[in-house]
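In my numbering, the protein residues as written are 481 to 729. Report on the structure given below.
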């Protein structure tokens with residue numbers, strides 16, 4: 481449903497990158513603005529109580545809810561965009577929404593897991609490698625949450641950083657634009673530029689599973705056999721051409 485509309489808008493802009501970006505930000509602004517108004521009109525006291533009780537009743541409950549919803553829709557942007565207006569309306573507070581966002585962050589990694597599983601279904605070395613990396617990513621997220629989230633000071637630190645960022649953004653539009661430009665563009669770009677010349681350690685050799693080694697050996701043997709067969713065919717063609725030339729002579 482969304483893809484045809486997006487293709488239509490891109491077609492109207494004649495695939496001009498900066499124009500598509502302006503249209504996208506404009507649509508996002510009005511969509512979020514109307515979403516807040518819609519939620520404000522739909523949420524009554526009874527529904528607000530149910531949201532707090534069944535969706536954000538406990539930290540692990542909110543985390544599981546964020547994980548399941550994000551896994552279902554395959555987009556953490558959608559799940560977070562829905563909850564942010566609820567926070568703005570005061571239905572839940574930031575500390576209640578934090579585990580929800582953590583669960584959504586883990587849930588969005590299932591997209592990479594599905595893609596890696598499809599690549600590894602044929603047993604190719606690249607597919608198996610991508611699956612290994614995806615599992616490492618998911619295990620890292622699970623252990624990071626399990627080890628850090630139960631610590632109250634760590635949770636409060638994230639909330640404090642979010643509140644300080646919100647204070648900066650509310651000082652004015654120019655401040656907000658500068659803040660977004662620095663945090664999301666200049667800072668990542670600077671890190672990439674500073675680290676692009678770093679030397680990567682070459683003494684590390686990844687462990688290759690035996691089945692992958694066997695598959696690579698079979699592929700190399702098949703390529704060698706194909707090369708031998710090609711040489712035989714070329715020699716046969718050469719002998720045939722020489723025989724035809726002798727007959728013509």
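Note that beta-carbon positions come from the ideal geometry of N, C-alpha and C, so glycine has one too. Keep in mind it's a predicted model, so treat the numbers as computed, not measured.
Query	Result
Same chain, Cβ closer than 7 Å to residue 574, five either side skipped, listed in chain order	567, 639, 642
Cutoff 6 Å; reference residue 621; Cβ partners in own chain excluding five residues on either side	586
Where residue 681 falls: helix, strand or coil (DSSP)	Note that residue 681 scores a pLDDT of 48, beneath 50, so its modelled location is shaky; the value from the coordinates is reported in the next line. It is coil, neither helix nor strand.
Member of 510, 490, 609 whose CA lies at the smallest distance from the CA of residue 501	490
DSSP state of residue 630 mapped onto helix, strand, coil	coil
Residue range of the alpha helix (DSSP H) that includes residue 505	497–522
Element boundaries [alpha helix (DSSP H), containing residue 544]	539–553
Span separating the alpha-carbon of residue 540 from that of residue 524	25 Å
Rounded distance between the beta-carbons of residue 559 and residue 553, thought under 8 Å	7 Å
Candidates 699, 671, 597, of which the one nearest residue 607 by Cα	597
Length of the line joining the Cα atoms of residue 699 and residue 615	26 Å
For residue 526, three-class secondary structure by DSSP	helix
Cα-Cα separation between residue 534 and residue 515, rounded to whole angstroms	22 Å
Test item: CB-CB of residue 629 and residue 582 under 8 Å	yes
Alpha-carbon spacing of residue 697 relative to residue 592, whole angstroms	28 Å
Three-state class that DSSP yields for residue 443 in the structure shown	Because the chain here runs from 481 to 729, residue 443 falls outside it and cannot be looked at.
Residue 682 to residue 672 span [Cα, whole Å]	In this prediction, residue 682 scores a pLDDT of 46, lower than 50, which makes its location untrustworthy; the coordinate-derived value is nonetheless stated afterwards. Each residue's alpha carbon lies about 20 Å from the other.
Test item: CB-CB of residue 551 and residue 493 under 8 Å	no
Residue 656 and residue 649 closer than 8 Å at C-beta	yes
Closest by C-alpha distance to residue 547, when choosing among 662, 660, 509, 577	577
Under the three-state DSSP convention, the category residue 667 falls into	helix
Contact belief for residue 569 with residue 522 at Cβ below 8 Å, rounded distance in angstroms	About 10 Å; that fails the 8 Å criterion.
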